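J.: I have a structure I would like to understand better, so I am pasting it below and will then ask my questions one at a time.
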Amino acid sequence: MSDKKRLFLVDAFALIFRGYYAFIKNPRINSKGLDTSAIMGFMNSLLDVIKRERPDHLAVCFDKGGSVARKEAFPEYKANRDETPDAIKIA
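With our numbering applied, the sequence shown corresponds to residues 87 to 177, in that order.
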């Protein structure tokens, strides 16, 4: 057995968007009428990674937003992307 420790870095927004769009045809709505698809998909994916890969350490990374450095260096960066859905914004 290896003594090497494994660190997983998780791109939170990638999983959030993936979770939201996975349930786009059958959204998960809670008792208050809120679409929880993004949260459910994110948590399911995160738990799957933990169970399947069994990392020693795991960090979930979020973009802080508002950065223009990438757009200045590469103007086409996310140029064709639609506005973030409200269900993701409130998640």
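Glycine residues also receive a C-beta, built at the ideal position from the N, C-alpha and C atoms.
All of these numbers come straight from a predicted model, not from anything done at the bench.
Can you give me the C-alpha to C-alpha distance between leucine 144 and leucine 133, rounded to a whole angstrom?
T.: Computed Cα separation, rounded: 11 Å.
J.: Would you mind giving the Cβ-Cβ distance between aspartate 121 and alanine 173, rounded to the nearest angstrom? I have them listed as a contact below 8 Å.
T.: Rounded, the Cβ-Cβ distance is 4 Å, consistent with contact.
J.: Could you pull out every unbroken alpha helix (DSSP H) segment of at least 4 residues lying fully inside the segment 89 to 132, listed in chain order?
T.: Whole alpha helix (DSSP H) segments, 4+ residues: 98 to 108.
J.: Quick check: what's the CA-CA separation for glycine 151 versus glycine 105?
T.: Distance between the alpha carbons of glycine 151 and glycine 105 is about 20 Å.
J.: Tell me which residue opens and which closes the beta strand (DSSP E) that alanine 145 is part of.
T.: Element bounds for alanine 145: 143 to 147.
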